[in-house]
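Residue numbers are given in our numbering: position 323 of the sequence shown equals residue 328, and the series is strictly consecutive. Heads up, the beta-carbon is just placed ideally off N, CA and C, and yes, glycines get one too. Keep in mind that this is a model prediction, so the values were computed, not measured. The structure under discussion appears below in the form of structure tokens.
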Amino acid sequence: MTKQIAVVGGGVVGVCTAFFLAEAGHDVVVVERHHNVAEESSFANAGIVSSGYATPWLVPSLPKKLLSCISQTAAPVLIKPGMDRALRRWVKRWMSENELERYRINSTRMQRVAYYSREILQQLREHFQLDYEHTRGVLHLLRSERDIKAAEPARELLNDNEVPHQMLDADAAREIEPALGYRAELAGALYMPNDEAGNCPLFAKQMRQIVQSMGVQFQFTSTVRAIEPDGGRVSLRIDDRTFSADAVVLAAGSDSAQLLKPLGIEVPLYPVRGYSATASIKNFDEAPRAALQDETYKVAITRMGGRVRVAGIAELGTRTSELHKSALRTLIKVGSDWFPNAANYNTSTFWCGARPMLPDGPPLLGATPVRNVYVNIGHGSNGWAMAAGSGKIVADIVSGFTPEVDMDGLTLSRYG
Numbered sequence: 006m007t008k009q010i011a012v013v014g015g016g017v018v019g020v021c022t023a024f025f026l027a028e029a030g031h032d033v034v035v036v037e038r039h040h041n042v043a044e045e046s047s048f049a050n051a052g053i054v055s056s057g058y059a060t061p062w063l064v065p066s067l068p069k070k071l072l073s074c075i076s077q078t079a080a081p082v083l084i085k086p087g088m089d090r091a092l093r094r095w096v097k098r099w100m101s102e103n104e105l106e107r108y109r110i111n112s113t114r115m116q117r118v119a120y121y122s123r124e125i126l127q128q129l130r131e132h133f134q135l136d137y138e139h140t141r142g143v144l145h146l147l148r149s150e151r152d153i154k155a156a157e158p159a160r161e162l163l164n165d166n167e168v169p170h171q172m173l174d175a176d177a178a179r180e181i182e183p184a185l186g187y188r189a190e191l192a193g194a195l196y197m198p199n200d201e202a203g204n205c206p207l208f209a210k211q212m213r214q215i216v217q218s219m220g221v222q223f224q225f226t227s228t229v230r231a232i233e234p235d236g237g238r239v240s241l242r243i244d245d246r247t248f249s250a251d252a253v254v255l256a257a258g259s260d261s262a263q264l265l266k267p268l269g270i271e272v273p274l275y276p277v278r279g280y281s282a283t284a285s286i287k288n289f290d291e292a293p294r295a296a297l298q299d300e301t302y303k304v305a306i307t308r309m310g311g312r313v314r315v316a317g318i319a320e321l322g323t324r325t326s327e328l329h330k331s332a333l334r335t336l337i338k339v340g341s342d343w344f345p346n347a348a349n350y351n352t353s354t355f356w357c358g359a360r361p362m363l364p365d366g367p368p369l370l371g372a373t374p375v376r377n378v379y380v381n382i383g384h385g386s387n388g389w390a391m392a393a394g395s396g397k398i399v400a401d402i403v404s405g406f407t408p409e410v411d412m413d414g415l416t417l418s419r420y421g
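Printed below as a string of structure tokens:
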């Protein structure tokens with residue numbers, strides 16, 4: 006049955022959701038507070054579409070790394086002194102997931118969505134002949150024996166799931182990426198040949214054109230202030246007006262928790278800020294061919310056409326738009342360590358954006374206790390990797406179809 010459905014949020018997750026809802030025959034409108042799609046978390050992210058290595062941010066080795074970060078000038082995690090109550094509560098739940106068994110459970114749930122999403126993304130790319138600066142293969146750089154040991158839980162999971170991967174020594178890693186510099190020690194690398202990277206906002210803008218041709222409408226510069234049940238329908242308060250729909254899918258990133266709370270739905274969603282530096286390539290022979298991840302600093306380096314992007318860092322407790330100089334120094338260091346002659350990282354275009362993180366890692370997909378209100382939220386730093394699959398899953402649920410993915414651990418029921 007055709008429904009009129011509002012999708013709140015025009016990031017890559019919201020745009021993919023709109024596509025699959027329209028494909029199912031629904032009348033769809035996307036409500037977005039910015040002037041275009043992919044203007045926040047999707048805008049300048051790392052660009053890595055990782056399925057085999059889609060894991061929770063909290064790995065069993067991270068708490069020790071957090072302690073060691075306190076005295077470092079370049080660190081993967083920044084925590085603002087004097088955490089507020091909401092952050093303290095979130096960090097407590099986050100740290101409760103610091104067990105190997107919880108890591109395996111959460112990783113399995115995330116990878117279930119990520120593998121499905123990669124398949125759907127490939128289908129979209131081939132069907133519509135999309136060109137969004139796509140590259141194939143991701144190389145995870147391990148600077149030390151400590152990094153190699155820290156990667157063991159992920160490697161065990163890859164082995165258990167028979168995921169194609171290769172553990173390489175430094176020389177073999179440089180055969181894949183010949184321009185890798187020698188400023189930093191390289192103990193080895195984990196190569197994921199089937200993982201990908203690409204320009205997320207470019208993909209989202211191409212998908213916007215496609216969904217508009219299917220009849221999807223966009224309401225830009227429109228902020229949803231509240232979502233309210235309205236008989237058998239749902240009412241959205243958008244700025245100073247009201248919009249009524251048969252159903253609403255919430256894909257509003259970090260703002261989703263504020264919209265759900267008045268409905269009696271509490272989700273432990275917290276905005277963790279991430280950073281990126283994007284620089285024009287000046288020496289193409291010295292630039293990366295594809296995508297890499299520095300596992301010491303949790304920073305990605307991605308080739309995007311004539312540019313190189315260095316992205317990562319997790320900053321907790323800061324809600325302003327101010328760029329933290331320590332984060333920028335870390336990005337510049339990682340870029341300069343591995344590809345020193347590729348670009349002038351000091352003159353990069355710098356960006357930061359909030360990643361909607363749940364303490365355990367997997368997203369929340371599907372129905373809520375409120376009739377005709379659905380969620381597609383909490384993807385954290387894996388939003389680009391999970392967007393296509395999550396959109397298809399939620400569209401199937403809204404349409405009354407059984408998703409093609411096992412939904413165990415992916416719904417609001419996991420928070421009781």
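Same chain only: Cβ atoms within 8 Å of residue i, ignoring 5 sequence neighbours per side
| i | result |
| --- | --- |
| LEU72 | Any answer about LEU72 is weak, because its pLDDT of 49 lies below 50 and its placement is not dependable; what the coordinates show is given next. Excluding sequence neighbours, LEU72 sits near nothing in its chain. |
| ILE10 | LEU26, HIS31, ASP32, VAL33, VAL34, ALA250, ASP251, ALA252, VAL253, VAL254, VAL403 |
| VAL12 | GLY19, THR22, ALA23, LEU26, VAL33, VAL34, VAL35, VAL36, VAL253, VAL254, ALA256 |
| ASP244 | SER227, THR228, ARG230 |
Whole-angstrom C-beta distance between residue j and residue i, which should lie under 8 Å
| i | j | result |
| --- | --- | --- |
| SER47 | PRO206 | 6 Å |
| PHE25 | LYS397 | 5 Å |
| ASN381 | VAL254 | 6 Å |
| GLU182 | PRO293 | 6 Å |
| ARG117 | ASP411 | 6 Å |
| GLU102 | ASP365 | 5 Å |
| LEU92 | GLY322 | 5 Å |
| ALA119 | ALA209 | About 18 Å; that fails the 8 Å criterion. |
| ALA347 | GLU291 | 5 Å |
| LEU370 | SER404 | 14 Å between Cβ atoms; not a contact. |
| GLY19 | ALA256 | 4 Å |
| VAL17 | ALA43 | 6 Å |
| ILE306 | TRP343 | 6 Å |
| GLY142 | ALA295 | 5 Å |
| MET362 | TRP62 | 7 Å |
Residue i burial status per 10 Å Cβ neighbour count (16 or more: buried)
| i | result |
| --- | --- |
| SER218 | exposed |
| GLU320 | buried |
| ASN111 | buried |
| THR247 | exposed |
| GLN134 | exposed |
| ARG213 | buried |
| SER326 | exposed |
| SER341 | buried |
| SER263 | Strictly speaking, residue 263 in this sequence is Gln, with Ser absent from that position. Exposed, by the Cβ-count rule. |
| GLU201 | buried |
| GLY30 | exposed |
| GLU180 | exposed |
| ASP165 | exposed |
| ASP176 | exposed |
| THR7 | exposed |
| PRO368 | buried |
| GLU190 | exposed |
| ARG314 | buried |
| PHE223 | buried |
Same chain only: Cβ atoms within 7 Å of residue i, ignoring 5 sequence neighbours per side
| i | result |
| --- | --- |
| HIS170 | GLY57, LEU163, LEU195, TYR196, MET197 |
| ARG312 | THR283, ALA284, SER285, ILE286 |
| ASN204 | GLY52, TYR137, GLU138, MET309 |
| ALA393 | CYS21, SER122, ILE125, LEU126, LEU129 |
| THR113 | none |
| SER76 | Because the pLDDT of SER76 is 49, which lies under 50, any placement of that residue in the model is unreliable, and the number read from its coordinates should be weighed accordingly. So no residue of the chain qualifies. |
| ASP152 | ALA192, GLU300, THR301 |
| TRP95 | PRO273, TYR275, PRO364 |
| ASN351 | ILE337 |
Residues near residue i in its chain [Cβ-Cβ closer than 6 Å; skip 5 each side]
| i | result |
| --- | --- |
| VAL221 | ALA23, ALA27, VAL33 |
| ASP299 | LEU146, VAL339 |
| GLU37 | GLY15, PHE225 |
| PRO81 | TYR302, LYS303 |
| THR407 | none |
| ARG242 | ARG230, ALA231 |
| MET115 | ALA59, GLY366, PRO367 |
| GLN211 | LEU135 |
- Query: Hey, is the stretch 374–385 in contact with the stretch 325–332, meaning 3+ C-beta pairs nearer than 8 Å?
  - Reply: No: fewer than three Cβ pairs fall under 8 Å.
- Message: For the structure I just gave you, are there three or more beta carbon pairs, one from the stretch 352–369 and one from the stretch 275–285, closer than 8 Å?
- Response: Yes: the two stretches touch, three or more of their Cβ pairs being nearer than 8 Å.
- Message: Which complete alpha helix (DSSP H) runs does the stretch 277–330 hold, if anything under 4 residues is left out?
- Response: none
- Inter-stretch contact (C-beta, 8 Å, three-pair minimum) for the stretch 87–95 and the stretch 134–147: no
- Only counting runs of 4 or more residues, tell me where the alpha helix (DSSP H) segments fall wholly within the stretch 209–286, in order along the chain. 261–265
- Could I get the ranges of all uninterrupted beta strand (DSSP E) runs contained in the stretch 324–370, with 3 residues as the minimum, in chain order? Counting whole runs of 3 or more residues, the stretch 324–370 contains the beta strand (DSSP E) stretches 354–362.
- Message: Runs of 3 residues minimum, wholly inside the stretch 168–198: which ones carry the beta strand (DSSP E) assignment?
- Response: Qualifying beta strand (DSSP E) stretches, in chain order: 171–173.
- Any contact of the stretch 413–420 with the stretch 228–240, i.e. 3+ C-beta pairs under 8 Å? no
- Item | Contact the stretch 176–190 vs the stretch 232–247: 3+ CB pairs below 8 Å | no
- Item | Minimum length 3: unbroken beta strand (DSSP E) runs contained in the stretch 79–107 | 82–84
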